[in-house]
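Asker: Going down the list, the sequences are from chains A and B. Going by the numbering used here, the final residue of the first sequence carries number 402, and the count climbs one at a time with no gaps. Going by the numbering used here, the final residue of the second sequence carries number 526, and the count climbs one at a time with no gaps. Heads up, the beta-carbon is just placed ideally off N, CA and C, and yes, glycines get one too.
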Amino acid sequence: MNVGSGITYLDIAQRRKVRNNIFRVIVIVLSVITISPIILIISKLIIEGIGQINLDFFTQLAPDTFQAMSAKMSGEKIPGGIVNGITGTLFLVLLASLMAIPVGIMAGIYLYENGNKRYAGFIRNLTDILQGVPSIVLGIIGYIWIVKNVTNGFSALAGSVALAIMMLPLIVRSTEETMKMVPESIKEAGAALGVPYHRIILKVMIPSSFSGLMTGILLAVSRIIGETAPLLLTTLGSPVINFEIDKPTSAVPLLIWNFYNDPNMIDLIWSSSLFLMGFVLILNLISKRIIAHREKN
Amino acid sequence: MIENNIGIKDPVLSIANLSIAYDEKKFAVKDVNAFIERNAITAIMGPSGCGKSTLLRAINRMHELYPNIITKGEILLNGQSIYEMQTIQLRRKVGMVFQRPNPFPTLSIYDNVIAGYKLNGIRLNKQQRDDIVEKSLLDVTLWDEVKDSLFKKGTFLSGGQQQRLCIARTLAFNPEVILLDEPTSALDPIATAKVEELLVDLKKKYTIVLVTHNMSQAARISDYSMFMYLGELLEHGKTEAMFTNPKNPKTEEYLTGKFG
Numbered sequence: 106m107n108v109g110s111g112i113t114y115l116d117i118a119q120r121r122k123v124r125n126n127i128f129r130v131i132v133i134v135l136s137v138i139t140i141s142p143i144i145l146i147i148s149k150l151i152i153e154g155i156g157q158i159n160l161d162f163f164t165q166l167a168p169d170t171f172q173a174m175s176a177k178m179s180g181e182k183i184p185g186g187i188v189n190g191i192t193g194t195l196f197l198v199l200l201a202s203l204m205a206i207p208v209g210i211m212a213g214i215y216l217y218e219n220g221n222k223r224y225a226g227f228i229r230n231l232t233d234i235l236q237g238v239p240s241i242v243l244g245i246i247g248y249i250w251i252v253k254n255v256t257n258g259f260s261a262l263a264g265s266v267a268l269a270i271m272m273l274p275l276i277v278r279s280t281e282e283t284m285k286m287v288p289e290s291i292k293e294a295g296a297a298l299g300v301p302y303h304r305i306i307l308k309v310m311i312p313s314s315f316s317g318l319m320t321g322i323l324l325a326v327s328r329i330i331g332e333t334a335p336l337l338l339t340t341l342g343s344p345v346i347n348f349e350i351d352k353p354t355s356a357v358p359l360l361i362w363n364f365y366n367d368p369n370m371i372d373l374i375w376s377s378s379l380f381l382m383g384f385v386l387i388l389n390l391i392s393k394r395i396i397a398h399r400e401k402n
Numbered sequence: 267m268i269e270n271n272i273g274i275k276d277p278v279l280s281i282a283n284l285s286i287a288y289d290e291k292k293f294a295v296k297d298v299n300a301f302i303e304r305n306a307i308t309a310i311m312g313p314s315g316c317g318k319s320t321l322l323r324a325i326n327r328m329h330e331l332y333p334n335i336i337t338k339g340e341i342l343l344n345g346q347s348i349y350e351m352q353t354i355q356l357r358r359k360v361g362m363v364f365q366r367p368n369p370f371p372t373l374s375i376y377d378n379v380i381a382g383y384k385l386n387g388i389r390l391n392k393q394q395r396d397d398i399v400e401k402s403l404l405d406v407t408l409w410d411e412v413k414d415s416l417f418k419k420g421t422f423l424s425g426g427q428q429q430r431l432c433i434a435r436t437l438a439f440n441p442e443v444i445l446l447d448e449p450t451s452a453l454d455p456i457a458t459a460k461v462e463e464l465l466v467d468l469k470k471k472y473t474i475v476l477v478t479h480n481m482s483q484a485a486r487i488s489d490y491s492m493f494m495y496l497g498e499l500l501e502h503g504k505t506e507a508m509f510t511n512p513k514n515p516k517t518e519e520y521l522t523g524k525f526g
């Protein structure tokens, strides 16, 4: 059939088919490009790092350069592990969480309750800006506030303050968003029983949005767990296990930085990175599971 | 001045010159005067936006949850002003059930019944708790259905069961008045019939005030009816009298379906 100027419907259909196919190929190529870095990274980490991961890796202190060098020269595996880094990271995350979670949840509740007031909008914008502050700047803040003035030296406290500031905006916003999802009728149910406002928040709202709050916290933790820059200026690193808040402390990313600066320890870079990557991956999977579980109910 | 020409003998609530406004100009309730009879069901009817829910919520001061609300006039519960009572005391005496069943999603059936005590931090021993739970669930005819799954989440129940659980939660405080805001509008006909039957049974012990959209429900179960229109209480009387012989032409138009 003729559609004027000599083009038939068949031609149009044919052209559409061709365009469809071109588009499909472009989409596939682009998505392969998108996922290829993560696949390359994970496979590289596994290939290079798995050899060093054994029981010692989780129970021994990081080796010094001499131990690593002599092991290398005799063709053996580098001895020791990263237990000072693992305990340090967990300690820092714990301290940062103790500071950021209560403050973040309170601020999130405030934003939820007073969402349309001007002051709340101001706080919300500041939170967004805080999220964009480069982590090295927070490291400098931690150095000036805590290292210089409070602990008079590099300390776990200084590092965890910097990390807590990084966690804060994520927890504030996720708290606000989850609270919004709790139906208004549940609050009314509490009020109708004469429950005072603060008890409704504590005993009704927070338990009802627990899974959402957990997800926000886990994502915030996975965000800070690999941070190196702020820790370089605050906790410095330590060759031993430390659980004192006013002493320098090691962390896995700090160890990776140290290993990188020591040509004898290359192998430990890969295994430590693999460990860190795996840890973040597990946190992400757990939070995904929590979300899926919540949506099912 | 509250008129009492409809034969109310023992008013538990007296509402005098009650006006409620959400802002200076917009009155939701205008100068309402009424007595509410003890141990009877009073139905508040009227088209959407007539102020019936606001009036109901004013009785246990739930309307104060809205910001900038203006309330004038007086409500007396057994002769005592509700504005002089603490909200917790008032809400223990005047319970409320909502349009959609709203059991606390994180609490078990058992804990939902005693939620009023639990959330207010009122300590009870195990025997007291068990007694209150059993008695309240028996009162709402839910005991036989849930006695083997008391520690499951309340949200696993059907809609009708959840609504009866919410009524049980109110009964646990042993209130004098129960306010219900369209309690069956989210339920299927069978569940609705059960709740209605329950309300008729409960009026022996409690005073019930019910907001309803459903005229036939008001006709079926209420003893007294109030008809509200644009915030005003146009007619208040014995349900039978009002449905057979409405005094106000607007009431008649509403009851015969001319608007609504």
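Could you give the uninterrupted runs of the alpha helix (DSSP H) lying entirely in the segment 244 to 293 of chain A, keeping only those of 4 residues or more?
Answerer: 261 to 286
Asker: Since residue 308 of chain B contacts residue 327 of chain B with CB under 8 Å, what's their CB separation in whole angstroms?
Answerer: In fact, because the Cβ distance is near 18 Å, the residues do not count as touching under 8 Å.
Asker: Would you mind telling me which residues of chain A sit closer than 7 Å to residue 381 of chain B, beta carbon to beta carbon, in chain order?
Answerer: 298
Asker: Going by alpha carbons, who is nearest to residue 183 of chain A out of A:387, A:375, A:306, A:383?
Answerer: A:375
Asker: Pick out the complete beta strand (DSSP E) segments inside the segment 352 to 385 of chain A, 3 residues or longer, and give them in chain order.
Answerer: Here no run is fully enclosed.
Asker: Checking contacts by CB at 9 Å: is residue 426 of chain B closer than that to chain A?
Answerer: Not closer than 9 Å to any Cβ of chain A, the Cβ of residue 426 of chain B fails to qualify, so no.
Asker: Mind checking residue 520 of chain B: buried by the 16 CB within 10 Å criterion, or exposed?
Answerer: buried
Asker: Do residue 317 of chain A and residue 399 of chain A come within 9 Å of each other at the CB atom, strictly closer than that value?
Answerer: It is a contact, given that the beta carbons lie within the stated cut-off.
Asker: Within the same chain, show all residues whose beta-carbon is closer than 6 Å to that of residue 482 of chain B, passing over the 5 residues directly before and after it, in chain order.
Answerer: none
Asker: Going by alpha carbons, who is nearest to residue 196 of chain A out of A:266, A:389, A:158?
Answerer: Answer by Cα proximity: A:266.
Asker: Where residue 136 of chain A and residue 278 of chain A are concerned, what is the direct C-alpha to C-alpha distance, given to the nearest angstrom?
Answerer: Cα-Cα distance, rounded: 30 Å.
Asker: For the segment 302 to 321 of chain A, which residues have a beta carbon sitting closer than 7 Å to at least one beta carbon of chain B?
Answerer: 304, 308, 309, 312, 313
Asker: Between the alpha carbons of residue 351 of chain B and residue 436 of chain B, how many angstroms are there, rounded?
Answerer: 19 Å
Asker: Give a yes or no on whether the minimum CB-CB distance between residue 220 of chain A and chain B is below 9 Å.
Answerer: no
Asker: Going by DSSP, what residues sit across from residue 346 of chain B in a beta bridge?
Answerer: B:343.
Asker: Applying the criterion that 16 or more other CB atoms from any shown protein chain within 10 Å of the CB defines a buried residue, is residue 306 of chain B buried or exposed?
Answerer: With 16 or more other Cβ atoms within 10 Å, it is buried.
Asker: Nearest-angstrom Cα distance between residue 514 of chain B and residue 501 of chain B?
Answerer: 7 Å
Asker: Tell me which residues of the segment 325 to 338 of chain B have at least one Cβ-Cβ distance to chain A shorter than 8 Å, keeping chain order.
Answerer: So the close ones are 326, 328, 331.
Asker: Contact check, residue 302 of chain B vs residue 279 of chain B under 8 Å by CB: the rounded distance?
Answerer: 4 Å
Asker: Do you know how far the Cα of residue 384 of chain B is from the Cα of residue 303 of chain A?
Answerer: 14 Å
Asker: Could you tell me which chain B residues have their CB closer than 7 Å to the CB of residue 295 of chain A, listed as they occur along the chain?
Answerer: 385
Asker: Count the other C-beta atoms from every protein chain shown that fall within 10 angstroms of the C-beta of residue 238 of chain A, then say buried if there are 16 or more, exposed otherwise.
Answerer: exposed
Asker: So, is the C-beta of residue 291 of chain A closer than 9 Å to a C-beta in chain B?
Answerer: yes
Asker: DSSP state of residue 504 of chain B, grouped into three classes?
Answerer: strand
Asker: Between the alpha carbons of residue 334 of chain B and residue 451 of chain B, how many angstroms are there, rounded?
Answerer: 29 Å
Asker: Quick check: the Cα distance between residue 355 of chain B and residue 471 of chain B, rounded to an integer number of angstroms?
Answerer: 19 Å
Asker: Compare the Cα-Cα distances from residue 366 of chain B to each of B:431, B:459, B:413 and report the closest residue.
Answerer: Of B:431, B:459, B:413, the smallest CA-CA separation from residue 366 of chain B is found for B:431.
Asker: Along chain A, which residues have their Cβ under 7 Å away from the Cβ of residue 486 of chain B?
Answerer: Per Cβ cutoff of 7 Å: no residues; residue 486 of chain B is ~25 Å from chain A at best.
Asker: Going by DSSP, name the residue or residues bridged to residue 277 of chain B.
Answerer: The partner list for residue 277 of chain B (beta bridge, DSSP) reads B:303.
Asker: DSSP beta-bridge partners for residue 447 of chain B?
Answerer: B:477
Asker: Helix or strand or just coil, what does DSSP make of residue 351 of chain B?
Answerer: coil
Asker: On a CA-only basis, which of A:296, A:325, A:169, A:165 is nearest residue 199 of chain A? Give me that one, please.
Answerer: A:325
Asker: Quick one: residues in its chain with C-beta nearer than 8 Å to the C-beta of residue 189 of chain A, no 5 flanking neighbours on either side, listed in chain order?
Answerer: 166, 167, 343, 344, 345, 346, 347, 355, 360
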